[in-house]
Amino acid sequence: MDATDYSRNVEINVVTTYLPDQSEPDAHRFVFSYQISITNHNPESVQLLRRKWRITDGNEHVQEVEGEGVVGEKPVIEPGQTYEYTSGTVLATEVGSMQGQYRMETADGTGFDALIPAFTLAQPNALH
């Protein structure tokens with residue numbers, strides 16, 4: 020099995036939430052949380068080692084963020100298991116998007132990138 024097969028066998032789902040009590044629209048501060056679930060559909064365990072995000076606000080301002088693991092962890096996800104975590108980001112506009120990738124490694128040391136498809140961050144009623 021090659022690395023692209025593994026990427027397709029790691030399912031990533033995202034649920035976003037606008038946080039009005041932490042946001043200050045008059046100050047161009049819009050706070051969002053996102054809950055990620057990562058399901059391993061491979062026949063062996065995988066470990067999430069690094070993350071890389073591309074965050075774009077409604078003004079096309081792009082911020083790139085990368086680092087070790089997620090929320091201070093480098094989880095090992097067993098076959099058929101799901102790992103979930105919640106994090107957040109701040110935008111200067113009421114609408115934006117995020118996309119990225121996780122650097123993963125199989126139990127035998129094979130590295131691959133699991134792509135995180137673009138998802139929208141939007142204040143309620145900002146999109147018509």
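Counting in the numbering used here, the sequence shown runs from 20 upward without gaps. Don't be surprised by glycine CBs; every beta carbon is placed ideally from N, CA and C.
Assigned exposure category for residue i - 16 Cβ within 10 Å defines buried
i      : result
Asp40  : exposed
Asn144 : exposed
Glu103 : exposed
Ala137 : exposed
Leu38  : exposed
Glu79  : exposed
Gly119 : buried
Ala133 : buried
Glu43  : exposed
Asp24  : Interpretation of Asp24 is limited by its pLDDT of 49, a score under 50 that renders its predicted location unreliable; the figure taken from the coordinates is listed afterwards. Exposed, by the Cβ-count rule.
Asp21  : Interpretation of Asp21 is limited by its pLDDT of 41, a score under 50 that renders its predicted location unreliable; no figure is taken from the coordinates.
Per DSSP, cross-strand counterpart(s) of residue i
i      : result
Gly119 : Trp72 and Ile135
Glu113 : Partner(s): none; Glu113 has no beta bridge.
Thr125 : Val65
Within 9 Å, strictly: CB atoms of residue i and residue j
i      : j      : result
Leu12  : Leu110 : Residue 12 is absent from the structure shown; the chain starts at 20 and stops at 147.
Ser56  : Thr125 : no
Thr58  : Val29  : yes
Arg73  : Tyr121 : no
Asp76  : Gly107 : no
Val33  : Ile135 : yes
Val84  : Lys93  : no
Gln142 : Thr105 : no
Gly99  : His60  : yes
Just list the beta strand (DSSP E) runs in the stretch 47 to 111, keeping only unbroken ones of 3 residues or longer that don't cross its boundaries, in chain order.
49 to 59, 65 to 76, 81 to 87 and 101 to 110
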